[in-house]
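Peer 1:
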Amino acid sequence: MSSRNLDTDVSKFMSYVLRHAPHEAGLALDSEGWTSFADLKASVLGRFGITESDLLRIIEENPKRRFTLDGSRIRAAQGHSVAVDIGLAPLTPPAILYHGTSAESVAAIVETGLQKMARQHVHLSADAETAKIVARRRKGNIAILKIDAKRMHSDGGQFFLSENGVWLTNAVQPEYILPLTETET
Ligand code: HQG
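Each number in this note's numbering corresponds to the 1-based position in the sequence shown with 10 added.
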């Protein structure tokens, strides 16, 4: 039986290897981000001293459903920096999407738009509460930006919905960032 902190450590390690550094666990990802669950299990069980049923529970109970287990293969649902194509079909987004960030990044974002930075996509949230959780990963004051997804989509912008409910796009131009609605400490 593993503890809550250990569960988080295992989850963070899996996010790290499945999104950014598969070689650090001796894994290789295919072009859609999948890797062998048996290979991942071999790496994680030994490293953390947990059982297979612990690992399955950690995957199943992950609050953000970060991992997709599909038979003998597993992948991260979103967040990759390695070049994979998770093969999502473009979808019509809700009229408004949200992006949580640090207050100090807002000036640059309003100037140059939202960029995907190190990842494969810009990550957007369907509701402001979720965006706040994303923003609170940052130090200091936070800001929640509203994105005019309806207009961006009707102008040809593509949106994708990850297997765990995160909206993804390639970039958001400044014209689609609505006036700042909320900041807090
Ligand atoms: C910022 C977590 C300056 C952007 C979350 C963000 C998410 C700019 C940072 C997922 C900028 C990139 C992704 C610009 C963007 N100038 N700053 N032009 N454009 N930024 O971590 O959205 O818990 O790559 O605002 O829940 O914070 O790991 O993106 O602050 O879904 O599953 O550059 O990571 O998921 O940071 O987070 P990130 P994010 P997990």
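No residue lacks a Cβ here, since even glycine has one placed at the ideal position from N, Cα and C.
1) Just the Cα atoms here: how many angstroms apart are K74 and G167?
2) Could you tell me which residues DSSP puts in a beta bridge with E44?
3) In the DSSP output, what is V92 paired with across the bridge?
4) Which residues in the same chain as K51 place their Cβ atom closer than 7 angstroms to its Cβ, once the five residues preceding and following it in sequence are excluded?
5) Could you check how far apart the C-beta atoms of S98 and W177 are, in whole angstroms? I think they sit under 8 angstroms.
6) Alpha carbon to alpha carbon, how far is V94 from G43? Give it in angstroms, no decimals.
7) For the candidate residues H133, H90, I152 and R14, whose alpha-carbon lies nearest to that of L28?
8) List in chain order: all unbroken alpha helix (DSSP H) runs of 4+ residues lying wholly within the segment 132-162.
Peer 2: Quick look at the numbers:
1) Distance between the alpha carbons of K74 and G167 is about 26 angstroms.
2) Per the sequence shown, the amino acid found at residue 44 is Trp instead of Glu. Beta-bridge pairing links W44 to no other residue.
3) Partner(s): none; V92 has no beta bridge.
4) So the list reads E62 and L65, once near-sequence residues are dropped.
5) The sequence given here places Leu at residue 98; Ser does not occur at that position. Not confirmed; about 10 angstroms, so no contact.
6) In this structure, the alpha-carbon of G43 lies about 5 angstroms from that of V94.
7) Considering only alpha carbons, the answer is H90.
8) The qualifying runs are 138-145.
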